[in-house]
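Number of protein chains: 2
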Amino acid sequence: MVQKLGIHGDDLDSRAREVLREIVMQHIASGEAISSRTLAKCGRFQLSPASLRNVMADLEDAGYLAQPHTSAGRVPTDRGYRFFIDYLMKLRGVSQRERETIDHEVRDANAIEDVMHLAGNVLTELTDQVSVVFMPTLLQFAVRSMDFILVAENRIMTVIVGANGVVVNKVIETRFHFTRDELEKISRFITTEFGGQTLDQIRRKLIRMTEQERALHDQLMQKTIALGINTINDVAPLEHELLLEGTATILNKPEFSDAVSLRRTFLALQEKEKLVEILESCIGEDGLQILVGSESNFTQIHNFGIVAARYGSSSAPLGMVGILGPMRMEYARVAPLVDYLSRALSRKIEEQKEQQS
Amino acid sequence: MVQKLGIHGDDLDSRAREVLREIVMQHIASGEAISSRTLAKCGRFQLSPASLRNVMADLEDAGYLAQPHTSAGRVPTDRGYRFFIDYLMKLRGVSQRERETIDHEVRDANAIEDVMHLAGNVLTELTDQVSVVFMPTLLQFAVRSMDFILVAENRIMTVIVGANGVVVNKVIETRFHFTRDELEKISRFITTEFGGQTLDQIRRKLIRMTEQERALHDQLMQKTIALGINTINDVAPLEHELLLEGTATILNKPEFSDAVSLRRTFLALQEKEKLVEILESCIGEDGLQILVGSESNFTQIHNFGIVAARYGSSSAPLGMVGILGPMRMEYARVAPLVDYLSRALSRKIEEQKEQQS
DNA sequence: CCCTGGCACTCTCTTCCCGCGAGTGCCAAA
DNA sequence: TTTGGCACTCGCGGGAAGAGAGTGCCAGGG
């Protein structure tokens, strides 16, 4: 796990750790600031409130806790959450029921889009938070087929099927005019000629072909090459498509009861580009990623937490799934779920790939 | 114009009409309740506040005005707005600049989706309200071509191009297994055989074909028919796709400054089905539709107004464009814009159709 | 040396009250 | 029919006061 705020596991003595752990857990559960009294009453410590106050003061000095105002209890800071996540929390297992729910939803769907949608839904349902799902792109993957369909004589719809089962389609404008027959030939040619290669490889080969003898004379070949390059250029910049589910549920959480934070949250959720950016920055990392508060650089919603995991094989990352919620979410419960779902998705896609070959 | 609240144009004498008109206009401009004093000060009436109070009291009795509380001014009711819209407001013309902006945006785009998106954007920009745009469906329109592309052996991507330039695509699951070659043949067959007919007609013919001699023996024909019916059934229920633009801007309006109405508005905007339903209920009507407050049956946002117009020819309605905003929006300015845009869209689509034939 | 009870202090939140301003309704006079 | 006057109502903002919660610190006890 990355040491995101330069924290070391032995920064705190065992008593402080226990206190911090308890405070974070209680704060997650209640959302309120935690006082020394309530901490003492929980029974975990054989200490008086006064003693706990000393420990808490130390934790505050070290930056793990903060006071909303003088006479309020303590609230964990980003740093406190980070420490909790890295060293203190005990991950809950994924219950039989949860496992079944996830498996069931993922199994049932076939089209990749449905799978992703359902994945988001199931995550939202199980965690009651906003789920985020990256659709897979096929940029770095082998193409199975490319087909071209006439919409108007200079508007062609392209359908690219990836080896990973991803389907991308887009209507593009072309300089040349095409007939149905031509397009059929072109589809067949490109698919047989370039099937199994990545879009990038195909583009490079097409460009190389421009210089060849034959291309100069064969008009159909010229059009083929132009269309191919055109298509790939148009499709390539397609970014990860982001699916958000459950944005409605999160607005009912107590932290968003006032108009200001409600509006801010709402606007933040609309800024999909920013979310994409954040998630993309994690896609290289193995395993579960947890970002709290300021770590995500998402300044609009500084009090958010993100739990995300990559799906797809490690050599071929396909996308990310995750949860976006208030910083005080139940990481111990959410994290295993995200993890399990990402594995289920990876498996599913692996299966589909095999099915097709 | 429909008499949506059973109002008749001669329900009010000319003095009452003028007062109502002024109140609505001032309320639209300021958002505040209007008092007899401010009304007297505006100079339009040679009357004292006391006299105006009498008129206002009458208007209140008749249901055109209401008081938020005893010692506040008057605010127009739904009924007041309805009367204003039907009989009192003087539509502003569409300025040269606005006309150019709309024409420009609509001209520039080619793909139908881009057109619709830009249409929504330009409307939001010009009115600073939420715009709603129905994507055209091709249910009731002639089909130009149907193509089938192999994704996996039992998963086929269908691309239907309508004569109106609408492209619909969907991945469907099939019972039969198909090869690329078969699909190519089927595409060609269906397109040549059924091009120019509506989805509904095609479906009926396909079903009739099931009973014919040939279908029983020719295996490819069986698969063709099955795939065709399957496709149409899957695509048909595709409802109007709704595009919303500018949801962010509307949240800054003063009427949504408190958390409750902010949340309610936000949730309402998520309920696309309901919006679709409302707009669909108007699609039969000619010309501009304006719904205020409770008239839309959209109980979540009783203080909203909707200005919408159909685009497409009257014999072949394609969809709706419109504006969703607080009830006190500038109908006189918004309505002509919506109207103009709907005509521009209709023209655009007409052109595209010609281009293709 | 660490823990604990006690105490003074601080800060927020709620409630209550009061007065101001705005606007109405009604009445009597022009 | 219009108008000025006047009493009445209501909402809103600004203190004031009190309750409640929690802390920090200190001095005493194991």
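Here the protein sequences come in this chain order: F and S. Every letter in the first sequence is one number past the one before it in our numbering, and letter 294, counting from 1, is 294. Every letter in the second sequence is one number past the one before it in our numbering, and letter 274, counting from 1, is 274. Even glycine gets a Cβ: it sits at the ideal position worked out from N, Cα and C.
Check the Cβ of residue i against every Cβ in chain F and list those closer than 7 Å, keeping chain order.
{"i": "S:M359", "result": "Because chain S is modelled from 1 through 357, residue 359 of chain S falls outside the range shown and cannot be assessed."}
{"i": "S:V106", "result": "Going along chain F, no residue has its Cβ under 7 Å from S:V106, so there is no contact; the nearest lies around 16 Å."}
{"i": "S:Q270", "result": "A248"}
The alpha helix (DSSP H) that contains residue i, what's its start and end?
{"i": "F:A40", "result": "S36 to K41"}
{"i": "F:L374", "result": "What the structure shows of chain F is the stretch from 1 to 357, and residue 374 of chain F is not part of that stretch, so it cannot be assessed."}
{"i": "S:L220", "result": "Q219 to V235"}
{"i": "F:E60", "result": "P49 to D61"}
{"i": "F:Q201", "result": "L199 to T210"}
Going along chain F in order, which residues have a C-beta closer than 8 Å to the C-beta of residue i?
{"i": "S:M157", "result": "V159, V161, V167 and N169"}
{"i": "S:V334", "result": "Result: empty, since nearest Cβ-Cβ is about 23 Å, beyond 8 Å."}
Find the residues of chain S that neighbour residue i, judging by a C-beta separation of less than 9 Å, and give them in chain order.
{"i": "F:E184", "result": "E184, S187 and R188"}
{"i": "F:L267", "result": "A248 and L251"}
{"i": "F:A226", "result": "Going along chain S, no residue has its Cβ under 9 Å from F:A226, so there is no contact; the nearest lies around 18 Å."}
Chain S beta carbons: is any one of them nearer than 7 Å to that of residue i?
{"i": "F:Q3", "result": "Bear in mind that a pLDDT of 44 at F:Q3, under 50, signals an unreliable position, so the number given afterwards is only what the model happens to contain. Chain S, which has no Cβ nearer than 7 Å to the Cβ of F:Q3, makes this no."}
{"i": "F:I349", "result": "no"}
{"i": "F:Q219", "result": "no"}
{"i": "F:V19", "result": "no"}
May I ask you to report which of helix, strand or coil DSSP gives residue i?
{"i": "S:I7", "result": "coil"}
{"i": "F:A66", "result": "strand"}
{"i": "F:A16", "result": "helix"}
{"i": "S:V338", "result": "helix"}
{"i": "F:T191", "result": "helix"}
{"i": "S:E350", "result": "helix"}
{"i": "F:T249", "result": "helix"}
{"i": "S:R328", "result": "coil"}
{"i": "F:V2", "result": "In this predicted model, F:V2 has a pLDDT of only 43, less than 50, meaning its place in the structure is not dependable enough to derive any value."}
{"i": "S:R74", "result": "strand"}
{"i": "F:G93", "result": "coil"}
{"i": "S:A33", "result": "coil"}
{"i": "S:E285", "result": "coil"}
{"i": "F:Q26", "result": "helix"}
{"i": "F:R343", "result": "helix"}
{"i": "S:F45", "result": "coil"}
{"i": "F:G80", "result": "helix"}
Name the two residues that bound the continuous beta strand (DSSP E) containing residue i.
{"i": "S:V132", "result": "V130 to F134"}
{"i": "S:L242", "result": "L242 to E245"}
With a cut-off of 7 Å, does the C-beta of residue i fall near any C-beta of chain F?
{"i": "S:R263", "result": "yes"}
{"i": "S:A259", "result": "yes"}
{"i": "S:N110", "result": "yes"}
{"i": "S:M56", "result": "no"}
{"i": "S:Q197", "result": "no"}
{"i": "S:V276", "result": "no"}
{"i": "S:E98", "result": "no"}
{"i": "S:D147", "result": "yes"}
{"i": "S:H117", "result": "no"}
Could you list which residues in chain S have their beta carbon closer than 7 Å to that of residue i, in chain order?
{"i": "F:L242", "result": "Within chain S, no residue comes near F:L242; the closest Cβ sits about 16 Å away, beyond 7 Å."}
{"i": "F:E173", "result": "N110"}
Does any heavy atom of the ligand NAP sit closer than 6 Å to the C-beta of residue i?
{"i": "F:V94", "result": "Looking for the ligand NAP in the displayed structure turns up nothing, as the structure carries no ligands at all."}
In chain order, each beta strand (DSSP E) run of at least 3 residues that lies wholly inside the region 96 to 182 of chain S: 130 to 134, 143 to 152, 155 to 162 and 167 to 173
Taking only runs that begin and end inside the region 289 to 324 of chain S, name each unbroken alpha helix (DSSP H) of 4 or more residues, in chain order. none
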